[in-house]
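Enquirer: Here it is, the structure in full.
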DNA sequence: CCGGAGTATGAACGCTTGTTCATTTACGCG
DNA sequence: CGCGTAAATGAACAAGCGTTCATACTCCGG
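Residue numbers (our numbering), protein chains in the order written: chain A, 140 to 341; chain B, 140 to 341.
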């Protein structure tokens, strides 16, 4: 009956899960809705995923893999100048979040529904991303490119890196693909805004 | 049986809903869990709220009321200098989010589960908050205190105001009340970071 | 042309969901 | 003291949940 390439159905389920989890949330989505979306019977889903939870983990895990490679490839493509690094990271990660709004929203919002073990592994990955940005800021401060001391608060690096990260991670919440500004423009803009946050001014 | 003041039970349910919705999400929380949390029977909940959904709306609506008054009172307490306005708004709103992590997280994450009419009203309120920050930025730019033109992107005000707002709204995601930095410190820090974002640097 | 592997079906499973309701309990007030 | 009202009970409801399974279909290699 099925002439598709292997795993094509698995992929279609993955994609439908992305759409539905994004719109209704994980607990707000039904296996039957999922089956309807791919024109399948609820039982057939279980030929491809052992459980609804496994689908969520597949979704969350994959987008974290992709995020990790975006960040590490960006870092590889730029020198070791913290200014260039920060700008490139913020821009690339912004572009990533614009390109994958469903994936990133589900990952950021619904990972809490994973069982403890898998949730912990996700928390660890996301901590590593935070640490990456914080390290770049600290490195840049030490080398005189960024300044946080004048902010008058101990360890302003944490707050500043979270400000940058949150700006980037939530871009899809307001960015309109049909709007006047292109994704590339917005990515570049976020790169410069990240520098404003880190470098300080006036 | 109940010697409490009127509406005390209603308030306890409100609070338990806050805790549970925050931890497990709205759809992930059960009326029975809710009842357990306030030492009541599921049926008794319905003496105080007509539905689970009504409880969610009460929660979301109240925190929006509070947010609105925090913002308008902050604005009233400061002059009409855009720099002072932005700094005060960012600081006050940060303090608000640190003080009410459950409320703001539920409001920001679970309002999508409200029925269309109520969801629309929430969306409208939240758009008004975005507009408030954007207006302050535009006003400040016009009067020469902020600059976005050098960012090289049309209407950078939108991106900048969203960067500020997301920094503020997500502070509870990383701020640790048991950590070394106080809430007031963090609020003030965010006030200054908002100026960095708006004013630009170097 | 046959057989086996992979996939889909559709009915069913036990359980949980939000909600209802007749009944009982408790309390404040006259 | 006793009445009326508000609140809590506990059992029940229908509907929906994630998941299972015996069965049937379809395709491809030998």
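All residues carry an ideal CB built from backbone N, CA and C; glycine is no exception.
Between residue 268 of chain A and chain B, is the shortest Cβ-Cβ distance under 9 Å, so that the two count as touching?
Expert: Not closer than 9 Å to any Cβ of chain B, the Cβ of residue 268 of chain A fails to qualify, so no.
Enquirer: Taking residue 271 of chain B as the reference, give the member of B/286, B/225 and B/186 with the closest Cα.
Expert: If we check each option's Cα against that of residue 271 of chain B, B/225 comes out closest.
Enquirer: Apart from the five residues just before and just after residue 233 of chain B, which ones in its own chain have a Cβ nearer than 7 Å to its Cβ?
Expert: Correct list, in chain order: 307, 310, 325, 326 and 329.
Enquirer: Do we get a CB-CB distance below 9 Å when we pair residue 368 of chain A with the residues of chain B?
Expert: The first residue shown for chain A is 140 and the last is 341, placing residue 368 of chain A beyond what the model contains.
Enquirer: For a minimum of 4 consecutive residues, which ranges assigned as the alpha helix (DSSP H) are wholly contained in the segment 290–341 of chain B?
Expert: If we require 4 residues or more, the alpha helix (DSSP H) runs fully inside the segment 290–341 of chain B come out as 295–308 and 322–338.
Enquirer: Using 9 Å as the threshold, is the C-beta distance between residue 322 of chain A and residue 237 of chain A below it?
Expert: Yes, the pair counts as a contact, with Cβ atoms nearer than the cut-off.
Enquirer: Please name the residue in B/163, B/244, B/188 and B/282 whose C-alpha comes closest to that of residue 151 of chain B.
Expert: It is B/188.
Enquirer: If the cut-off is 7 Å on Cβ atoms, which residues from the segment 154–170 of chain B count as contacting chain A, listed in chain order?
Expert: Under the 7 Å Cβ criterion, the segment 154–170 of chain B contributes 164, 166 and 167.
Enquirer: Does DSSP put residue 208 of chain B in a helix, in a strand, or in coil?
Expert: Correct three-state label for residue 208 of chain B: helix.
Enquirer: DSSP three-state call for residue 213 of chain B: helix, strand or coil?
Expert: DSSP places residue 213 of chain B in helix when its eight states are reduced to three.
Enquirer: Less than 9 Å between CB atoms is the rule here; does residue 297 of chain B satisfy it with respect to chain A?
Expert: Yes, because at least one Cβ of chain A sits closer than 9 Å to the Cβ of residue 297 of chain B.
Enquirer: Can a CB atom of chain B be found closer than 9 Å to the CB of residue 250 of chain A?
Expert: Chain B contact via Cβ: absent.
Enquirer: Would you please verify whether the beta carbon of residue 292 of chain A is less than 9 Å from any beta carbon of chain B?
Expert: Yes, residue 292 of chain A counts as interfacial toward chain B.
Enquirer: Secondary structure at residue 260 of chain B, three-state DSSP: helix, strand or coil?
Expert: Residue 260 of chain B: helix per DSSP, three-state reduction.
Enquirer: Using a Cβ-Cβ distance cut-off of 9 Å, determine whether residue 237 of chain A contacts chain B.
Expert: Not one chain B Cβ lies under 9 Å of residue 237 of chain A.
Enquirer: Indicate whether residue 221 of chain A and residue 284 of chain A have their beta-carbon atoms separated by less than 9 Å.
Expert: Cβ atoms of residue 221 of chain A and residue 284 of chain A: closer than 9 Å.
Enquirer: Output the distance between the C-alpha atoms of residue 206 of chain A and residue 215 of chain B, rounded to the nearest integer angstrom.
Expert: Going by the C-alpha atoms only, they are around 43 Å apart.
Enquirer: Measuring only the C-alpha atoms, how far is residue 269 of chain A from residue 320 of chain B?
Expert: Cα to Cα, residue 269 of chain A sits roughly 18 Å from residue 320 of chain B.
Enquirer: Cβ atoms of residue 336 of chain A and residue 293 of chain A: under 9 Å apart, would you say?
Expert: Contact: no.
Enquirer: Mind checking the segment 314–326 of chain B against chain A and listing, in chain order, the residues whose C-beta falls within less than 8 Å of any C-beta there?
Expert: Per Cβ criterion, the list reads 319, 320, 324 and 325.
Enquirer: For the alpha helix (DSSP H) containing residue 169 of chain A, name the first residue and the last one.
Expert: No alpha helix (DSSP H) contains residue 169 of chain A, which DSSP labels as neither H nor E.
Enquirer: Just to make sure I have the definition right: I need the residues of chain A whose C-beta is within less than 8 Å of the C-beta of residue 284 of chain B. Which are they?
Expert: Within chain A, no residue comes near residue 284 of chain B; the closest Cβ sits about 10 Å away, beyond 8 Å.
Enquirer: Would you please verify whether the beta carbon of residue 309 of chain B is less than 9 Å from any beta carbon of chain A?
Expert: Closer than 9 Å: yes.
Enquirer: Quick one: what's got a C-beta closer than 6 Å to residue 338 of chain B's C-beta in the same chain, skipping five residues either side?
Expert: Excluding positions up to five away in sequence, the list reads 285.
Enquirer: Between B/250, B/218 and B/280, which has its C-alpha nearest residue 264 of chain B's C-alpha?
Expert: For the residues B/250, B/218 and B/280, the minimum Cα distance to residue 264 of chain B belongs to B/250.
Enquirer: Note down, one range per segment and in chain order, each alpha helix (DSSP H) of at least 4 residues found wholly within the segment 178–254 of chain B.
Expert: Runs of the alpha helix (DSSP H) inside the segment 178–254 of chain B: 181–184, 191–216, 221–238 and 240–249.
Enquirer: Measure the Cβ-Cβ separation of residue 194 of chain A and residue 210 of chain A and say whether it is below 9 Å.
Expert: Against a cut-off of 9 Å, the Cβ pair of residue 210 of chain A and residue 194 of chain A comes out as no contact.
Enquirer: Quick check on the burial criterion: 16 or more other C-beta atoms within 10 angstroms. Buried or exposed for residue 267 of chain B?
Expert: Exposed, by the Cβ-count rule.
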